[in-house]
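For the protein sequence lines, the chains are B and W, in the order given. The UniProt record's numbering numbers the first residue of the first sequence as 1 and each following residue consecutively. The UniProt record's numbering numbers the first residue of the second sequence as 1 and each following residue consecutively.
Protein chains: 2
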Amino acid sequence: MPIYEKHDYPLVDVRRYLEPGPVVLLSSAHNGETDIMTMGWHMMMEFTPALVGCIISPANHSHELVRASGECVINVPTLELANQMVDIGNSTGTRIDKFKEFGLTPQKGTVVSAPMIGECFASFECKLANGKMIDEMGFFVWKVIKAHVDKTVTAPKTLHYRGGGEFMVAGDSLDLSARFKPEML
Amino acid sequence: MPIYEKHDYPLVDVRRYLEPGPVVLLSSAHNGETDIMTMGWHMMMEFTPALVGCIISPANHSHELVRASGECVINVPTLELANQMVDIGNSTGTRIDKFKEFGLTPQKGTVVSAPMIGECFASFECKLANGKMIDEMGFFVWKVIKAHVDKTVTAPKTLHYRGGGEFMVAGDSLDLSARFKPEML
């Protein structure tokens, strides 16, 4: 499986990879322990700063790590990682090393201690921006503070979960920019 | 453009149409006025009740209507509505009748006063569930109280926004259900 060559990417453009709604892999670390979680419930909340909201249930072992560290990395996987995405989602809360278990390569981030996933073409280092609704709903608001993207991946074959074990794979691109008011682009 | 024949749909399965991350059309009504807004920033937050979070900025005229009424309908459009989606996104805050202006058919819902959009294959009637982060972030949490879906649409060609006027069109379906632990389905 390829390890992507990621480079610094503008924070204001993070939405390009998250707004389409792909399943992502959230990596975390605390006290020398790491975890990876498969996550479908997330959304953009602001351009600048780049805010991302997501649900991380206390039933997920990652909840403990991101809460204690106030940090995570949101990694965007593509079709070639489909099996690992499912297998990670199947493996709950145990103290296995998921990088080793699922053959993924940890990469050191520049700001947070949670590792990026080498096999993902985009990784976003995040710090907790707002935790007011964690207790009530497991809802975390993250601020992306460093973005890493392999820009040679122009139309990523991301996976989008439909429930029941069925995914939608990202299809054709449709450029409607000519129809937009310039200030809306 | 077809008007879909929608029928009652189980609330617990609403996620099947929202979790993949499509751009949606949010319709609202208050005091005899209606509005439609193109929305890309939303996410599932809970299965039961079916909770959906979204950002509706005060800059959107819809903000006023959904806030005053505590209601909305989330409609899921497909490829044939691509131009209307962009045009609705381009038209800001004015008091035009967007149903007339963009050739869309209002359908009476069963619970809320906001109209459903006939040209969308799925419409979810919502009531406000949690408004604690409206002031701070424009973040609304909706509870879907009635779902209407044309179930003959099995692999909807939804549109997923990449920014810069570019959309990803929903592609192939990938069934990995055999790989899931039964309790994860």
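The C-beta atom is built at its ideal place from N, Cα and C for all residues, glycine as well.
Under DSSP, His30(B) takes part in a beta bridge, and its partners are Glu33(B).
Not one beta carbon of chain B lies nearer than 8 Å to the beta carbon of Phe140(W).
When only Cα atoms are considered, Glu46(W) and Gly53(W) end up about 9 Å apart. Below 8 Å, too few C-beta pairs join the region 143-153 of chain B and the region 81-99 of chain B to call them touching: fewer than three.
Within the same chain, Lys143 come within 6 Å of Pro49(B) by CB-CB distance, once the 5 residues on both sides are set aside. Asp135(B): member of the alpha helix (DSSP H) spanning 134-137, first to last residue. In this structure, the beta-carbon distance from Ile117(W) to Leu25(W) falls below 8 Å. Under DSSP, the beta-bridge partners assigned to His160(B) are Met168(B).
Across the set Tyr17(W), Leu51(W), Leu18(W), Tyr4(W), the C-alpha of Leu51(W) shows the shortest separation from the C-alpha of Ile145(W).
Between the beta-carbon of Pro156(W) and that of Val73(W) there is about 17 Å, and that puts the pair past the 8 Å contact cut.
One finds Glu19 in chain W with Cβ atoms closer than 7 Å to the Cβ of Gly40(B), taken in chain order. Along the region 160-180 of chain W, going in chain order, the ones with a CB nearer than 8 Å to a CB of chain B are His160, Tyr161, Arg162, Gly163, Gly164, Gly165, Glu166, Phe167, Met168, Val169, Ala170, Gly171, Asp172, Ser173, Leu174, Asp175, Leu176, Ser177, Ala178, Arg179, Phe180. Bounds of the alpha helix (DSSP H) holding Gly89(W) are 82-90. For the pair Arg162(W) and Pro22(B), the CB atoms are not nearer than the 8 Å cut-off. Residue environment analysis places Leu18(B) among the buried positions, since at least 16 neighbouring C-beta atoms fall within 10 angstroms of its C-beta. Minimum Cα-Cα distance from Gly70(B) among the listed residues Leu81(B), Ile56(B), Leu79(B) corresponds to Ile56(B).
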